[in-house]
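Comments concern the structure below.
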Amino acid sequence: MSTLDLVAVTKRYGDIVAVDDATLSVPPGSFVCLLGPSGCGKTTLLRIIAGLESASSGEVKFEGERIDATPVHRRDFGMVFQSLALFPHLSVRENIAYPLKIRGRGKAEREKRVAELLDLVRLPGVADRPITQLSGGQRQRVAIARALSVSPKLFLLDEPLSALDAKLREAMQVELRQLQERLGITTIVVTHDQREAMTMADAIVVMEGGRILQMDRPIDVYRKPASPFVADFLGQTNCLVAKPGKGGAEIAGGTIPGLQLGAGRREAEISVRPEDVVIRPAGDAPIPATVEFVRDMGSAVEIYLSTEAGRMIAQRASGHDALAVGDEVSLSIAPDAVVVFSEGVAR
Ligand code: ATP
34 MSTLDLVAVT KRYGDIVAVD DATLSVPPGS FVCLLGPSGC GKTTLLRIIA GLESASSGEV
94 KFEGERIDAT PVHRRDFGMV FQSLALFPHL SVRENIAYPL KIRGRGKAER EKRVAELLDL
154 VRLPGVADRP ITQLSGGQRQ RVAIARALSV SPKLFLLDEP LSALDAKLRE AMQVELRQLQ
214 ERLGITTIVV THDQREAMTM ADAIVVMEGG RILQMDRPID VYRKPASPFV ADFLGQTNCL
274 VAKPGKGGAE IAGGTIPGLQ LGAGRREAEI SVRPEDVVIR PAGDAPIPAT VEFVRDMGSA
334 VEIYLSTEAG RMIAQRASGH DALAVGDEVS LSIAPDAVVV FSEGVAR
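With the first letter of the sequence shown counted as 1, position 266 gets the number 299 in my numbering; the numbers rise by one all the way through.
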C-alpha cells in the first residue's frame, strides 16, 4: 500500500486553478520531489497534503484512509518551510524540544531526544546557543531536527535549502537524502531546482500550470520526458521539428538516419540532449553547422551551434580539439538518443 495518495485533487482560488486534477501515489519510505517553475502549484499541493489548505475537490489519503477532514496537528506530519520559522528568542535545544513540549512530554524524554537529534543532524555542541548565533546551514539543521522531533509519519519540506549559498545547498542536498535513507521516512520536498530534485529524489513529479505532467524516476524524467516542457525544464535540450525522410528523419538542413517518427506521422517534435550531439569535421556527418559560441566550464565544454534548424547546443568533455567561433563543423545524432513526442507540433 502507498503511504500517501492524492486522487483528482483540485484547488481553486476564485478564477485561479492552483492545482488541477492532481493524482499521485507516494510509496512508503520514498523521497519525492515536486518540481516546477514558479506558480505551478507545488507549494499549494504540499500545503494540501500538510492540511494547511483544503482541496476544492478530490481526495487525500494517508495509508489508505481519507484525511481531508483531519486537522494539521492530528496528521503527525513534520514540516520545514523556506522561512524555517524558528523561534529567534529560544535556544537550539528549546527550538528542537518545542513540539515535544506542547505535546506534554517530560523533561528527561525531551533532553534525550534533543541529544539524539543534534547527533542525527550533525550539530554537536550548539544546544544552548541562541538561534541568532547560528549560520544558515546550522539553522537549516535545527529546523530539520525540530520537524523530526516527534518522529513524524510523513516529512514535508517546502524549498528548504533555497536560502543557502550554492555550495552549502549542494552539500545539504546530499545530507538530507542520506538522513532520509537512514530514517526510512517518507518525504516530499518542493523545489524549483532540477539539479536538487535529481540529487535527492526517488521520484520527481513535474508540474506546470497546476497540472502534474509526469512522475518518474529522475533518470527516466531526464531520458524519457513526456513532453517538450519536461525535456526543457530538466536540464538543457534541443527541441526540433522532424519529418520522415529517406532512411530516417529529416530536420531542417540535415538527417538523423534510422529515426522513425511513427506510422503515418508527417512531422513530430523531438528532443536531443546536448551530450548526444556529436561534433565532427565539416562534411563528415549529416547536419552542417557553424560554431556560434563556446562555453568552457573546465570539466565540460558547451558549444552553441547555428544550423538550418536553428540554434543547437552540444556538450562534450574537455580534452577534444578546441573549437573557435566561426568554425564550420557537422553534427551527428544517434537515433536511440532522440525522444520523439507523441503530441502534435506546437507552433
Ligand atoms: P513558487 O515556487 O513561486 O512558490 P508554486 O509552484 O509553489 O510557486 P503556488 O504557490 O502553489 O505555486 O501557487 C500556484 C498558483 O496559485 C499561483 O498562481 C498563485 O498565485 C496562486 N495562489 C497560491 N496561493 C493563493 C492564495 N492564497 N490566494 C490566491 N491565489 C493563490
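Beta carbons: idealized from backbone N, C-alpha and C, even for Gly.
May I ask whether a heavy atom of the ligand ATP can be found less than 7 Å away from the beta carbon of residue i?
| i | result |
| --- | --- |
| isoleucine 49 | yes |
| cysteine 272 | no |
| glycine 72 | yes |
| tyrosine 337 | no |
| glycine 69 | yes |
| histidine 225 | yes |
| tyrosine 46 | yes |
| threonine 340 | no |
| threonine 77 | yes |
Measure the alpha-carbon distance for residue i versus residue j and round it to whole angstroms.
| i | j | result |
| --- | --- | --- |
| glutamate 192 | serine 339 | 37 Å |
| serine 375 | glutamate 302 | 8 Å |
| proline 70 | glutamate 229 | 14 Å |
| alanine 397 | aspartate 53 | The question about residue 397 has no answer, for the chain in this structure spans 34 to 380. |
| cysteine 73 | aspartate 354 | 43 Å |
| leucine 190 | aspartate 317 | 51 Å |
| alanine 102 | alanine 370 | 47 Å |
| valine 50 | arginine 244 | 9 Å |
| arginine 202 | glycine 295 | 43 Å |
| serine 116 | arginine 306 | 35 Å |
| glutamate 325 | aspartate 360 | 8 Å |
| arginine 380 | methionine 112 | The pLDDT assigned to arginine 380 is 49, lower than 50, so where the model puts this residue is not dependable, and the model offers no usable value. |
| valine 334 | leucine 356 | 10 Å |
| alanine 342 | proline 258 | 21 Å |
| glutamine 293 | alanine 285 | 16 Å |
| alanine 264 | leucine 78 | 22 Å |
| valine 147 | arginine 138 | 12 Å |
| lysine 44 | methionine 240 | 14 Å |
| arginine 174 | valine 154 | 6 Å |
| leucine 133 | arginine 250 | 35 Å |
| leucine 119 | valine 362 | 56 Å |
| glycine 91 | valine 358 | 55 Å |
| proline 121 | aspartate 161 | 13 Å |
Figure out for me which residue from the options has the closest Cα to the Cα of residue i.
| i | options | result |
| --- | --- | --- |
| threonine 56 | Pro290, Met248 and Arg179 | Met248 |
| lysine 200 | His122, Gly170, Glu214 and Leu364 | Gly170 |
| lysine 276 | Gly268, Arg298, Val147 and Glu241 | Arg298 |
| glutamate 283 | Leu133, Leu151, Tyr46 and Val373 | Val373 |
| glutamine 33 | Arg146, Leu123, Ala178 and Arg45 | Past the boundaries of the shown model lies residue 33; the chain is included only from 34 to 380, so the question cannot be answered. |
| methionine 231 | Gly268, Pro121 and Pro261 | Gly268 |
| isoleucine 237 | Ser58, Tyr46 and Met34 | Ser58 |
| leucine 156 | Arg143, Ala180 and Val125 | Val125 |
Tell me where the beta strand (DSSP E) around residue i begins and ends.
| i | result |
| --- | --- |
| serine 328 | A small fix is needed here, since residue 328 is arginine in this sequence, not serine. Its beta strand (DSSP E) spans residues 320-329. |
| arginine 138 | No beta strand (DSSP E) contains arginine 138, which DSSP labels as neither H nor E. |
| glutamine 173 | Element bounds for glutamine 173: not the beta strand (DSSP E) but the alpha helix (DSSP H), 169-181. |
| valine 42 | 37-46 |
| arginine 349 | 343-350 |
| serine 304 | 301-305 |
| serine 90 | 90-95 |
| proline 290 | 287-290 |
| aspartate 53 | 49-59 |
| methionine 240 | 236-241 |
| glycine 278 | 271-278 |
| valine 65 | 64-68 |
| valine 334 | 333-340 |
| alanine 282 | 281-284 |
| serine 363 | 361-366 |
| phenylalanine 188 | 187-191 |
| isoleucine 221 | 220-224 |
For the alpha helix (DSSP H) that contains residue i, what are its first and last residues?
| i | result |
| --- | --- |
| glutamine 247 | Here glutamine 247 belongs to no alpha helix (DSSP H); instead the beta strand (DSSP E) covers 244-249. |
| lysine 75 | 75-83 |
| proline 261 | 261-266 |
| methionine 205 | 199-216 |
| methionine 233 | 227-233 |
| arginine 313 | Taken as a continuous stretch (DSSP letters only), arginine 313 belongs to no alpha helix (DSSP H), being part of the beta strand (DSSP E) at 310-314. |
| valine 105 | 105-108 |
Stretch-stretch touch, CB-based, cutoff 8 Å, three pairs: the region 305-316 with the region 345-352: yes
At least 3 beta-carbon pairs within less than 8 Å: the region 50-67 vs the region 206-222: yes
Validate contact between the region 319-338 and the region 288-299 using beta carbons, cut 8 Å, 3 pairs: yes
Validate contact between the region 92-107 and the region 204-218 using beta carbons, cut 8 Å, 3 pairs: no
Segment contact, 8 Å Cβ cut-off, at least three pairs: the region 103-113 with the region 173-187: yes
Meets three-Cβ-pair contact criterion under 8 Å: the region 249-261 and the region 75-86: no
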